[in-house]
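Everything on this sheet refers to the single structure shown next.
Numbering (full-length UniProt numbering), first residue to last: 1 to 145.
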């Protein structure tokens, strides 16, 4: 039996849908002064709890150098601020600035809009099924193999 073409695999469609969502959403987010790459940081810090760079990198599942660059740009753009960790002088806590907090509802609105466009024509049941299936994919990939 021959291997199925890569273009027929679920991963291909998941990747393509993700790239198309980003392509459509990125200009809208840029208009707000943020990027799609910053969304996981904004979403993680929105609860108001300061976190270290290391904990953010672990939560968002990126390497430390990637997180360091991202946070430096976000700090430059006035989205996050760092305060020294009194218990560890080598570390600092990262938190959202008031400007970033003010952007969150607008960013949320744009994300909801993008999802609505992507799922146009879906019934509520189809949308729920898709979300459930994607949650299973994520759980499979998130667990140790």
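Ideal placement from N, C-alpha and C gives every residue a C-beta, glycine not left out.
Of the listed residues the options, nearest to residue i (C-alpha basis)
i	options	result
residue 134	8, 4, 14, 50	14
residue 55	99, 12, 67	67
residue 93	86, 144, 17, 50	50
residue 30	64, 89, 106, 129	106
residue 101	6, 16, 12, 47	47
residue 74	85, 90, 99	99
residue 28	103, 122, 121, 126	103
Distance between beta carbons of residue j and residue i, contact taken as under 8 Å
i	j	result
residue 79	residue 53	The Cβ separation is near 14 Å, so there is no contact.
residue 95	residue 81	6 Å
residue 44	residue 59	6 Å
residue 22	residue 10	Contact doesn't hold; Cβ gap of about 19 Å is too wide.
Residue i to residue j span [Cα, whole Å]
i	j	result
residue 142	residue 61	10 Å
residue 33	residue 3	45 Å
residue 108	residue 25	11 Å
residue 57	residue 77	19 Å
residue 119	residue 41	25 Å
residue 113	residue 18	15 Å
residue 111	residue 88	37 Å
residue 70	residue 136	29 Å
residue 140	residue 86	39 Å
Collapsed DSSP secondary structure at residue i in the structure displayed
i	result
residue 85	strand
residue 35	coil
residue 7	helix
residue 112	helix
residue 119	coil
residue 143	coil
Within 9 Å, strictly: CB atoms of residue i and residue j
i	j	result
residue 12	residue 20	no
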